[in-house]
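Using this note's numbering, read the sequence shown as starting at 2 and increasing by one per residue.
The next block holds one structure in the form of structure tokens; read it before the comments.
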Amino acid sequence: MTLSKRERVFKVLELNGEPDMVPIHLFGFEQTGSSFQAFKESGEMEKYRSYAKDKISNIKYYITEQRFWNADLYGMDPFGENKIKIRYENAPPEYSGCRLNRMDGRLYKTVKQVNTGLEYAWYVGGYFTTPEILYSYWDQYGRPTEWINDKVKYSPQKWEGFVEALAPYFYPMANLPLNPSEVLIGGISFTRFAYYIRKNPKFIHEIMDEYTKVNIEVIKRLAEAGVDIVMFGDDLGYKEKGFFSLKVFREFILPYHKRMYETCKKNGILVVLHSCGKIDQYLPDLVDAGLNCIQSLEATAGVDLAGLKESLGDRLCFMGGLDSSGILTSGTPEDVDKNVRSTIKKAGKNGGYFVGPSHDILNIPWDNILAMRAAIEKYRKYPLKF
2 MTLSKRERVF KVLELNGEPD MVPIHLFGFE QTGSSFQAFK ESGEMEKYRS YAKDKISNIK
62 YYITEQRFWN ADLYGMDPFG ENKIKIRYEN APPEYSGCRL NRMDGRLYKT VKQVNTGLEY
122 AWYVGGYFTT PEILYSYWDQ YGRPTEWIND KVKYSPQKWE GFVEALAPYF YPMANLPLNP
182 SEVLIGGISF TRFAYYIRKN PKFIHEIMDE YTKVNIEVIK RLAEAGVDIV MFGDDLGYKE
242 KGFFSLKVFR EFILPYHKRM YETCKKNGIL VVLHSCGKID QYLPDLVDAG LNCIQSLEAT
302 AGVDLAGLKE SLGDRLCFMG GLDSSGILTS GTPEDVDKNV RSTIKKAGKN GGYFVGPSHD
362 ILNIPWDNIL AMRAAIEKYR KYPLKF
């Protein structure tokens with residue numbers, strides 16, 4: 002039995018038993034990292050250079066990396082990155098050389114990547130540290146819900162043509178525009194978040210409500226177009242521990258995730274959450290709230306993938322888990338092969354698992370890139386031989 006990419010994706014996301022192969026998901030290369038430079042120089046980029054043409058719109062979509070990795074699922078949609086109209090301005094003088102996101106208050110500075118010397122915009126702090134500052138920007142430029150880009154046309158014809166063009170290569174899932182708690186904390190800073198949950202919790206809830214309303218409105222528009230899988234990011238953990246106590250998580254974060262998941266379920270959409278860090282303690286609540294799939298499963302953060310599979314595998318799909326910031330980057334090709342094998346062994350039994358790196362690919366040595374790709378193909382076939 003050989004499944005189509007779409008059949009494989011839905012069989013696994015819907016926890017409907019073992020497919021023919023473990024499906025592959027990845028974010029792709031970070032283009033300022035050394036791995037992408039090696040990809041360009043290797044000849045593999047030219048070998049796999051491809052475009053999928055939408056017969057309805059005649060738009061061509063670049064799918065070279067997805068073909069190189071033989072991806073089954075990829076976060077990509079025809080509605081683009083302009084679902085909300087983000088604008089930047091020069092930051093106030095005390096933040097020299099920085100840019101300010103007018104909507105959420107995050108500050109960025111362009112610096113050079115250590116390994117490649119290529120420029121990259123790094124987050125450096127939050128500017129909306131008081132209600133007065135935030136409200137002054139919302140009054141001047143509009144609340145986040147007013148930043149939704151009404152020029153984006155969410156039509157079934159556009160989605161169907163897009164899916165048809167990509168069907169031979171991978172199945173697409175749409176991306177939501179905001180990472181609610183991540184953007185909240187980025188805009189006001191961690192220290193002010195800790196202050197306001199004690200001194201002015203209404204302020205935190207008001208911001209989270211606005212960001213959640215943006216995603217919910219976009220989910221509804223995507224549903225009207227026929228989208229059936231969405232993904233968004235919301236980092237909830239450091240290495241070795243979560244950002245929040247369970248009490249804080251349940252009061253300030255979980256209710257807003259639940260609203261998004263309920264909207265997805267009501268509209269027949271499966272939802273995938275990306276979160277770095279040690280997030281094990283939050284997952285039972287997130288599953289109860291309606292989460293379908295968790296992506297990252299960061300090994301170096303201490304995520305217990307085997308334990309999570311045992312306790313939640315009948316209700317939650319897992320995606321990622323390969324040790325991007327550890328073994329894949331600093332190990333040997335033999336170590337990489339073992340990491341792929343052990344990760345599939347932990348999470349692949351009975352289906353419900355997408356194999357892939359925990360995050361985008363930054364500075365993994367080229368030999369390890371090839372070893373990872375080869376090992377995935379070597380070990381992904383069912384029945385798993387472990």
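No residue lacks a Cβ here, since even glycine has one placed at the ideal position from N, Cα and C.
Pairwise C-alpha distance: residue j and residue i
| i | j | result |
| --- | --- | --- |
| LYS266 | CYS294 | 13 Å |
| TYR283 | LEU247 | 7 Å |
| GLU133 | ARG260 | 28 Å |
| GLN67 | ASP55 | 17 Å |
| THR3 | LEU274 | 28 Å |
| ILE217 | SER43 | 42 Å |
| VAL13 | ASN364 | 30 Å |
| ALA166 | VAL341 | 30 Å |
| TYR380 | ILE345 | 7 Å |
| GLU207 | GLY243 | 23 Å |
| ASP289 | ARG50 | 42 Å |
| PHE387 | TRP160 | 40 Å |
| VAL356 | THR213 | 29 Å |
| LYS200 | GLU120 | 39 Å |
| ASP78 | GLY162 | 11 Å |
| ILE328 | TYR109 | 30 Å |
| HIS26 | PRO94 | 42 Å |
Residue i classed as buried or exposed, judged by whether at least 16 other C-beta atoms fall within 10 angstroms
| i | result |
| --- | --- |
| ARG251 | exposed |
| GLU359 | For the sequence presented, residue 359 should be read as Ser rather than Glu. Looking at its Cβ environment, which holds 16 or more other Cβ atoms inside 10 Å, SER359 is buried. |
| PRO24 | buried |
| ASN83 | exposed |
| SER326 | buried |
| SER35 | buried |
| LYS6 | buried |
| ILE1 | A question about residue 1 goes unanswered here, because the residues of the chain that appear run from 2 up to 387. |
| ALA122 | exposed |
| THR264 | buried |
| GLU299 | buried |
| ILE280 | buried |
| GLU211 | buried |
Residue i, DSSP secondary structure in three states
| i | result |
| --- | --- |
| PHE233 | strand |
| ASN71 | coil |
| CYS277 | coil |
| MET104 | coil |
| HIS218 | Here the sequence assigns Glu to residue 218, which means His is not the residue at that position. It is helical. |
| LEU323 | strand |
| ALA92 | coil |
| PHE245 | coil |
| PRO358 | strand |
| LYS240 | coil |
| LEU119 | coil |
| LYS329 | Per the sequence shown, the amino acid found at residue 329 is Leu instead of Lys. Residue state, collapsed to three classes: helix. |
| ILE189 | helix |
| VAL184 | helix |
| ASN304 | The sequence given here has Val at residue 304, not Asn. Here VAL304 sits in coil by DSSP. |
| ASN176 | strand |
| ILE365 | coil |
| VAL341 | helix |
| TYR170 | coil |
| LYS382 | strand |
| SER51 | coil |
| VAL164 | helix |
| LEU292 | coil |
| ILE57 | coil |
| LEU27 | coil |
| VAL13 | helix |
| TYR197 | helix |
| LEU271 | strand |
Beta carbon proximity, residue i to chain B, threshold 8 Å
| i | result |
| --- | --- |
| ALA53 | Among the chains in the structure shown there is no chain B, since it carries only a single protein chain. |
Beta-bridge partners of residue i, as assigned by DSSP
| i | result |
| --- | --- |
| MET77 | DSSP output for MET77 lists no bridge partner at all. |
| SER312 | Partner(s): none; SER312 has no beta bridge. |
| LEU284 | Paired residue(s): none; LEU284 is not in a bridge. |
| GLY127 | ARG107 |
| SER297 | SER276, GLY321 |
| CYS99 | LYS110 |
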